[in-house]
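Numbering (the working numbering), first residue to last: 6 to 206.
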Ligand code: MN
C-alpha cells in the first residue's frame, strides 16, 4: 500500500497566533508531502532492485527509506499532537508519570524545550515511552531518525527543522518551541501513553 498524506485535523489557520497558517500550510502540503512521495518512490526502487537481483544501490536506498518513512511518521504524529484547544498541562496518569520520571512537569517541560532548541541542525525533540524499562524519556532526534533508541514509542514530538518555523519565527527557534506549548493536545498525548503502556517489551 502506498503512503498517503493525511489531512490535518484542523484548518491551516487554526493554530494562529501560535503558528501561522502560511507556515503550517507549506509545512504540511509541501514538506510533509515530500516525505510521503519519497517513501513511495523508494519502495518502488527497492522492488526494482529485488526484481533485477542487483543490490549495488541497496545501502543508499535503505537510508533513504528510513529518512522518508520516519519523516512521514513524525509529521503525522506532530499534527495530531497539536490542537487549537490545547495548552495548559496534562492531567491524570500522564501527569503522575511525568512527575515520577522527570521530578515535576516543569522539569520535563524544561528538558523537552531544551532538547528541541539545542538540536544541532535539523531534528526533533520527543517525549517517548521506553517499554523495556517502563520509562518516560526525552529524546533528541537528528534528521528524522538519528540518535533514537530502538523500541521507544514517541508520544509528543516538536519539529525544529528550519522549515517548521523560519517563515513565522525567522531564526528564533526558541520562540517557536515556547509557542508550541500553547497548542499541545494533551488528550492525544495521554491516549498515546495509555496505548504504549499496553505494549509488552
Ligand atoms: Mn517538518
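Note that beta-carbon positions come from the ideal geometry of N, C-alpha and C, so glycine has one too.
This one's a predicted model, so the numbers in the text were calculated from it and none came from an experiment.
Residue i Cβ short of 7 Å to the ligand MN heavy atom set
i	result
residue 19	no
residue 111	no
residue 38	no
residue 80	yes
residue 212	The displayed coordinates of the chain run from 6 to 206. Any statement about residue 212 would go beyond what the structure contains.
residue 32	yes
residue 84	no
residue 148	no
residue 191	no
residue 164	yes
Coil, strand or helix - residue i by DSSP
i	result
residue 103	helix
residue 145	strand
residue 166	coil
residue 160	strand
residue 79	helix
residue 177	coil
residue 53	helix
residue 154	coil
residue 204	coil
residue 195	helix
residue 13	coil
residue 28	helix
residue 64	helix
Beta carbon of residue i nearer than 8 Å to that of residue j
i	j	result
residue 149	residue 75	yes
residue 106	residue 140	yes
residue 45	residue 8	yes
residue 188	residue 17	no
residue 135	residue 146	no
residue 165	residue 121	yes
residue 87	residue 190	yes
residue 119	residue 186	no
residue 89	residue 20	yes
Beta-bridge pairing of residue i - partner residues as DSSP gives them
i	result
residue 129	146, 164
residue 135	140
residue 189	87
request  = For the region 147-166 and the region 122-132, state whether three or more C-beta atom pairs, one from each stretch, are separated by less than 8 Å.
outcome  = Result yes; three or more Cβ-Cβ pairs closer than 8 Å.
query = Any contact of the region 77-85 with the region 50-66, i.e. 3+ C-beta pairs under 8 Å?
reply = Short answer: they don't touch.
task = Pair every Cβ in the region 28-39 with every Cβ in the region 106-115, then say whether three or more of these pairs are closer than 8 Å.
result = Per the Cβ contact rule, the region 28-39 is not in contact with the region 106-115 (fewer than 3 Cβ pairs under 8 Å).
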